[in-house]
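**Q** Mind looking over this structure? Questions follow.
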């Protein structure tokens, strides 16, 4: 028999960010001179650069052809691109202080935090910086 995860019952309904917004507005109503730096929902500040837009357009057009199509399989082209990206990050951001194989390219911090929780047991302590992205705490 499959047993339900007991911790699921502890989850509260609702999305966290509307509650944070309500609390922020209430705080600002009481303290109008306060300056709050939000570490919640991120937002972009600049448009994509033209060369990125062109590369994305080329990739999408390529997906519409038999030669350019790639699915979710372990495509050699995707692996080559990943290695190039890892190498470029290692060289540009870290000046070669780390090797390309130490660079993890993922689909985002939120899924990575979930993966960490799945990987380690409930008895493991994890450090979170303060201030932090609200969902992590």
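Numbering (this note's numbering), first residue to last: 47 to 183.
Every residue gets a Cβ at the ideal spot worked out from N, C-alpha and C, and that includes glycine.
DSSP three-state call for residue 96: helix, strand or coil?
**A** By one-based count along the chain shown, residue 96 stands at place 50. Three-state DSSP puts residue 96 in a helix.
**Q** Can you list the alpha helix (DSSP H) stretches of 4 or more residues lying completely in the stretch 53 to 112, in chain order?
**A** Counting whole runs of 4 or more residues, the stretch 53 to 112 contains the alpha helix (DSSP H) stretches 62 to 76, 96 to 109.
**Q** Could you check what DSSP says for residue 136 in three-state terms: helix, strand or coil?
**A** Sequence index remark: in the chain shown, residue 136 carries index 90 (1-based). Helix, per DSSP.
**Q** In angstroms, rounded to a whole number, what distance separates the CA positions of residue 80 and residue 177?
**A** In the chain shown, counting from the first residue as 1, residue 80 sits at position 34. In the chain shown, counting from the first residue as 1, residue 177 sits at position 131. Computed Cα separation, rounded: 17 Å.
**Q** Excluding the 5 residues preceding and the 5 following residue 134 in the sequence, name in chain order all residues of the same chain whose CB lies nearer than 7 Å to its CB.
**A** For the purposes of this step, residue 134 is taken as the residue at position 88 of the chain shown. For residue 134, where only same-chain residues beyond five positions count, there are no Cβ hits under 7 Å.
**Q** Suppose contacts are defined by Cβ-Cβ distances below 7 Å. Is residue 85 in contact with residue 179 by that definition?
**A** One-based indexing of the chain shown puts residue 85 at position 39. One-based indexing of the chain shown puts residue 179 at position 133. Yes, the Cβ-Cβ distance between residue 85 and residue 179 is below 7 Å.
**Q** So, for residue 149: in the same chain, excluding its five sequence neighbours on each side, which residues have a beta-carbon less than 7 Å away from its beta-carbon?
**A** Counted from its first residue, the chain shown places residue 149 at position 103. Contacts found: 132, 135, 136.
**Q** So, with DSSP's three-state summary, where would you put residue 168?
**A** Numbered from 1 along the chain shown, position 122 holds the residue referred to as residue 168. Coil at residue 168, not helix or strand.
**Q** Measure the CB-CB distance between residue 63 and residue 98 and report whether it falls below 7 Å.
**A** On the chain shown, residue 63 is found 17 positions in, with the first residue counted as 1. On the chain shown, residue 98 is found 52 positions in, with the first residue counted as 1. No. Outside cutoff.
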